[in-house]
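To start, the structure under review is shown below, and the notes come after it.
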Amino acid sequence: LDLSNNGFNSTLPHWLFNITNLLSLDLSSNDLQGDIPDGFSSLNSLQLLDLSGNSFLEGQLSRNLGTLCNLQTLKLSLNQFSGEVSDFIDGLSECINSSSLARLELGYNQLTGNLPISLGYLKNLRYLELWYNSFLGSIPPSLGNLTFLEELYLTSNQMNGKFPESFGQLSAIRVLELSDNQWEGFITDAHLRNLTSLEELSLIKTSNSSLSFNISFDWIPPFKLRYLVIRYYQLGPKFPTWLRNQTELTTLVLNSASISDTLPSWFLQLNLTLDELDVGGNHLSGRIPNTLVFRFPGSVDLSSNRFEGPIPLWSSNLTKLYLRDLDISFNSINGSIPQSVGNLKQLLTLVISNNNLSDMTNNNFSGEIPESIGSLLTIRFLVLSNNHLSGEIPPSLKNCSLMDSLDLGENQLSGNIPAWIGESMPSLSILRLRSNHFNGTIPSELCKLSALHILDLSHNNLLGPIPYCVGDFSAMT
Numbered sequence: 135l136d137l138s139n140n141g142f143n144s145t146l147p148h149w150l151f152n153i154t155n156l157l158s159l160d161l162s163s164n165d166l167q168g169d170i171p172d173g174f175s176s177l178n179s180l181q182l183l184d185l186s187g188n189s190f191l192e193g194q195l196s197r198n199l200g201t202l203c204n205l206q207t208l209k210l211s212l213n214q215f216s217g218e219v220s221d222f223i224d225g226l227s228e229c230i231n232s233s234s235l236a237r238l239e240l241g242y243n244q245l246t247g248n249l250p251i252s253l254g255y256l257k258n259l260r261y262l263e264l265w266y267n268s269f270l271g272s273i274p275p276s277l278g279n280l281t282f283l284e285e286l287y288l289t290s291n292q293m294n295g296k297f298p299e300s301f302g303q304l305s306a307i308r309v310l311e312l313s314d315n316q317w318e319g320f321i322t323d324a325h326l327r328n329l330t331s332l333e334e335l336s337l338i339k340t341s342n343s344s345l346s347f348n349i350s351f352d353w354i355p356p357f358k359l360r361y362l363v364i365r366y367y368q369l370g371p372k373f374p375t376w377l378r379n380q381t382e383l384t385t386l387v388l389n390s391a392s393i394s395d396t397l398p399s400w401f402l403q404l405n406l407t408l409d410e411l412d413v414g415g416n417h418l419s420g421r422i423p424n425t426l427v428f429r430f431p432g433s434v435d436l437s438s439n440r441f442e443g444p445i446p447l448w449s450s451n452l453t454k455l456y457l458r459d460l461d462i463s464f465n466s467i468n469g470s471i472p473q474s475v476g477n478l479k480q481l482l483t484l485v486i487s488n489n490n491l492s493d494m495t496n497n498n499f500s501g502e503i504p505e506s507i508g509s510l511l512t513i514r515f516l517v518l519s520n521n522h523l524s525g526e527i528p529p530s531l532k533n534c535s536l537m538d539s540l541d542l543g544e545n546q547l548s549g550n551i552p553a554w555i556g557e558s559m560p561s562l563s564i565l566r567l568r569s570n571h572f573n574g575t576i577p578s579e580l581c582k583l584s585a586l587h588i589l590d591l592s593h594n595n596l597l598g599p600i601p602y603c604v605g606d607f608s609a610m611t
C-alpha cells in the first residue's frame, strides 16, 4: 500500500491494522501527526514500513513496534519522535531467529539516551541511520557484531567516549559518518585494520571533542577510500603516510588537522582525479605544486597555510584542470597573477586575498590584474583583496556578467572606478574597492546594481558628489 507524497494531515488511521497480511506500507512525505499506535503490532507480515518525512509524527518509539520480526526496512526519519530507543531496539532484538531488519532510518528526530547493547543483536542490519538526534554516551562494543553493516550515520548527536576496538570488526562497512559529536581518546590502526570495504569516512570535530589520530607511520590500510573528510582533528604533524596507497580518492579534506609539513612527493605522484582537495588551515609550507589534476567541477582550498613562491602556472595540464573554486588566501604567495589563470574557464570562485602579490620586473603583467581574468565567463566570486596589486581594473572584467561578489580592496589599484561595473554585472551584490588609490567621481551607473547590499569605496581619493541614487539601494537592509 503506497500513499506517499500526498497531503494527509490526520493521525494514523486504525483501519490500517485490519489488513493483517500487508507486506509494505508507505505513508512517507505527508502531514500525518500524533503518536504511532500500538495497533502496528498486528501487522506481523509487514516487511517495509515508511513513515518518514511527516514532520508532525511524535512520541516515543514503543516496544510493540519492535515486535515486527519480519520487518526488513523501517524508515522513521524527518519526524518529531523523542525519548529513548532502548525498549524499541530491545523488542527487535528479541525476535525468534533474530530480526530480519536490514535498514533502520531514525535520522532527523529528537531521540535521546544511550544506544542500547541490544543494537548489536540486529545481525542482519546493513544500513543504520541515527544522525541529527540527541543520542548520548559511547558506541556500544556490541556494534562490532554487525558484520553485515555497510553504512553507519551518527553525525550531529551528543555522543562521547572512546571508539571500541570492536569497531574494527565491521568488515562490510563502506560508509562511516561520525562528525559533530564529542568523541574522546584515539583512533588507531587497530580500529581500522579490518575495515576492508571502507570507501567513505567523515569526521568533523566540535569544540568539545578531544579525539585525535594515532596511526602507525608504516601502516598500510586494507581499504581504498573514495571520500575522506577530516576537519579539526589532529592528524599531524606529518602529512599522513597511510594515504600513500589511497589511489581512488575523489574527495580529500584534511582541514585544520595540525599538519606541519610540505605536500610530499609521493602524494603528488598518486595521479588522483579529485573533485575536491581541502588542506586549508594547516601549517603546510613550500611551493604550491604545478601537477594537480582535477575533473569538473573541482574545488581546491589551500588557504591559511604557509605556502610561498608564485602562483603555479599549471601550464602543462590545463586541459585536465577543471577548477570550480580556488582559494589560496592567507599564505605567503608572491609575484603576480599569471595569465594562465584566465584559462580556468569553469571557475566560479577565485580567492587570492591576504598574500604578497606585487610587481615583478621580469613579468609581463607588472603586478596588474591580468586581462586574461576576463576570460573567466562563469566566475561569480573574485576576491583579490589585501595584496599589492597595482594599475587599473582591466576592462576585460566586463565579460564576467555573472559576478556576484567583487573584492579588490586593500591593494594599490588606481584610475577611475569603471562605469561598466554597473552595466555589465547586473547580479553584483558585493562591491568592495576600499583602501586603494582610485580617483575621480563615483559613476552614476552603479545605481543600476539593484541587488547590491554591500558597497565599500572607503579610503580612496574619490571626488565630487555622491550619486543621489545610493539612497535607493533597496537591498541594503
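Residue 611, in the numbering used here, is where the sequence shown stops; the numbers in between run on with no holes.
C-beta: ideal position from N, C-alpha, C; glycine also.
Coil, strand or helix - residue i by DSSP
i	result
asparagine 533	helix
lysine 209	strand
glutamate 502	strand
glycine 217	strand
asparagine 143	coil
valine 434	strand
leucine 150	helix
arginine 197	coil
valine 475	helix
glutamate 619	The requested residue 619 does not occur in the structure, where the chain is confined to residues 135 to 611.
serine 569	coil
leucine 326	helix
asparagine 379	helix
isoleucine 338	strand
serine 158	strand
aspartate 224	helix
isoleucine 507	helix
isoleucine 321	strand
glycine 370	coil
serine 548	strand
Test item: CB-CB of residue i and residue j under 8 Å
i	j	result
asparagine 188	aspartate 165	yes
glutamate 579	glutamate 557	yes
leucine 264	leucine 226	no
leucine 156	leucine 177	yes
serine 563	leucine 596	no
valine 434	leucine 457	yes
leucine 277	serine 305	no
leucine 540	leucine 523	no
threonine 340	tyrosine 361	no
glycine 414	serine 437	yes
proline 444	isoleucine 467	yes
leucine 337	proline 355	no
asparagine 424	alanine 391	no
asparagine 279	glycine 254	yes
phenylalanine 174	leucine 137	no
leucine 518	leucine 481	no
asparagine 439	asparagine 489	no
leucine 283	leucine 310	no
glutamate 505	glycine 525	no
Selection from the options that minimises the alpha carbon distance to residue i
i	options	result
glutamate 442	Leu397, Leu199, Ser268	Leu397
asparagine 243	Glu410, Leu386, Cys229, Leu185	Leu185
serine 313	Pro599, Lys582, Glu334	Glu334
isoleucine 513	Glu502, Lys532, Leu523	Lys532
serine 196	Ser179, Leu205, Phe215	Phe215
serine 350	Leu135, Tyr367, Ala324	Ala324
threonine 575	Gly247, Ile551, Ile170	Ile551
glutamate 239	Asn213, Trp376, Trp149	Asn213
threonine 207	Thr201, Thr322, Ile588, Gln181	Gln181
valine 219	Ser234, Pro250, Lys209	Pro250
phenylalanine 347	Leu329, Asn328, Phe373	Phe373
asparagine 294	Thr407, Asn465, Phe320	Phe320
asparagine 272	Met537, Ser343, Leu388, Asp224	Correcting the residue type first, residue 272 is serine in the shown sequence and not asparagine. Residue Ser343 is the option with its Cα nearest to serine 272.
Residue span of the beta strand (DSSP E) that contains residue i, given as start and end
i	result
aspartate 184	182 to 184
glycine 241	Element bounds for glycine 241: n/a, residue is neither H nor E.
isoleucine 364	361 to 365
leucine 262	261 to 263
glutamate 410	408 to 412
serine 189	Looking at the DSSP string, serine 189 is not in any beta strand (DSSP E), and its letter there is neither H nor E.
leucine 385	At residue 385 the sequence reads threonine, which differs from the leucine that was named. Looking at the DSSP string, the run of the beta strand (DSSP E) that includes threonine 385 is 385 to 389.
glutamine 480	Looking at the DSSP string, glutamine 480 is not in any beta strand (DSSP E), and its letter there is neither H nor E.
glycine 271	Neither: glycine 271 is in no beta strand (DSSP E) and is coded neither H nor E.
asparagine 416	Element bounds for asparagine 416: n/a, residue is neither H nor E.
arginine 440	440 to 443
Host alpha helix (DSSP H) of residue i (start-end)
i	result
serine 399	399 to 402
serine 175	Premise fails: serine 175 is in no alpha helix (DSSP H) and is neither H nor E.
isoleucine 555	554 to 558
aspartate 538	Here aspartate 538 belongs to no alpha helix (DSSP H), and DSSP marks it neither H nor E.
Open item on the list: Please give me, in chain order, every unbroken run of the beta strand (DSSP E) with length at least 3 that falls completely inside the stretch 572 to 605.
Closed with: 588 to 590
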